[in-house]
Amino acid sequence: MPGDPRPIGVFDSGMGGLTVLRALMARLPNEHFVYLGDTARLPYGTKSAETVQAYALQATRLLIEEGVKMLVIACNTASAVALYLLQEAWEPVPVIGVIEPGARAGIAATRNGRIAVIATEGTVRGGAYARAIHRLKRDVEVVQQPCQVFVALAEEGWTDSPVTVAAAERYLKPLFGGKGAPDTLVLGCTHFPVLAASIRKSVGDDVALVDSAETAATAVAAALDERKLASAPGYPGQARFFATDSPQRFARVGEIFLGRPIDARQVELVDLRAL
Ligand code: DGL
């Protein structure tokens, strides 16, 4: 079989989705990726569902015009409020979000049936994680906590600093303090996996931290196989980057999330407003 050489489009509000791209590149080394970070309009997490839907539609249109064979909505906020809209808009191109894979991973990790989810305000407001978890398993208790400040701390590169630990204590101690506390914490935002060390200090060693990037990569791999869209083995995949604001900042901050250097000259500045 010749395989499908078209790229997979990965969309996020900014650079945090590079944690998902990193997992995708590790899991699917032969695939090409086109990543778009809507850095000019970040954060999505504090905006209304209507605004995020409009932004997500514009952003993914650019990726569709790039000829992608599949779209991955790496942004939890956009997955929470716009996934169905995007699936309908871009049919027959498959559109995969990160909420359901995260919910699945949370259920697989919990032993006591209590799961905490931390995310942006927008993701928590819509209750998408709780719904996704309950769709898969009814008798699970879910508590949700918005942790908006984490987004800025991650972008600042303060991945393991006293300020981040203090923020984690403030957000998480009330959830994990007493008896009957959750044993699983879903990191329901692209930015949070890089703060895992600080989060761990505040919740202790017994709580399972769930990062949806890995499970999202597994879901993408399965969807490629199922739809016969996988590329041919043997050729290493490439990644291209688009950003809606400063390529220099994208490259500098993006490195924190991708875990390897990004050359700013390979980041193309795009304007989504006309789309
Ligand atoms: N990408 C967003 C998410 O995963 C976090 C950053 C933002 O608020 O735009 O929810």
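The sequence shown runs contiguously to residue 294 in our numbering. The C-beta atom is built at its ideal place from N, Cα and C for all residues, glycine as well. Note that this is a predicted model, so its numbers are computed, not measured.
Here the distance from the Cβ of LEU228 to the nearest heavy atom of the ligand DGL is not below 7 Å.
Per DSSP, reduced to three states, the secondary structure at PRO165 is strand. DSSP places PHE211 outside any beta strand (DSSP E), giving it a letter other than H or E.
Between the stretch 265-282 and the stretch 64-73, the count of C-beta pairs closer than 8 Å stays below three; the two stretches do not touch. Note on geometry: alpha-carbon atoms of GLY22 and PRO113 lie some 17 Å from one another. Counting only the Cα atoms, PHE30 lies some 13 Å from VAL289. Between GLU140 and GLY64, the gap from beta carbon to beta carbon is short of 8 Å.
With fewer than 16 neighbouring CB atoms inside 10 Å of its own CB, ASN131 falls in the exposed class.
With respect to the 8 Å criterion, LEU194 and ALA215 are not classified as neighbours on the basis of their beta carbons. TYR254 is classed as exposed because its beta carbon has fewer than 16 other beta carbons within 10 Å across all chains shown. Scanning GLU188, LYS198, PHE261 for the CA closest to the CA of ARG80 turns up PHE261. Residue environment: GLU245 is assigned as exposed (fewer than 16 neighbouring CB atoms within 10 Å of its CB, all protein chains considered). Here the stretch 231-249 lies against the stretch 34-53, with 3 or more beta-carbon pairs under 8 Å apart.
If only uninterrupted beta strand (DSSP E) runs of at least 3 residues are considered, those enclosed by the stretch 228-270 are 258-262.
Going by DSSP, ILE126 is part of the alpha helix (DSSP H) stretching over 118-128. By DSSP's assignment, ALA138 forms a beta bridge with PRO165.
Excluding its 5 nearest sequence neighbours in each direction, ALA270 has C-beta neighbours in its own chain below 7 Å: ILE281, ASP282, ALA283, VAL286, listed in chain order.
In this chain, GLU110 is not harboured by any alpha helix (DSSP H), its DSSP state being neither H nor E. Looking at the DSSP output, ILE115 shares a beta bridge with VAL91.
TYR63: not part of any beta strand (DSSP E); DSSP gives it neither H nor E. When the beta-carbon positions are compared, GLY207 and LEU37 stay at least 8 Å from each other.
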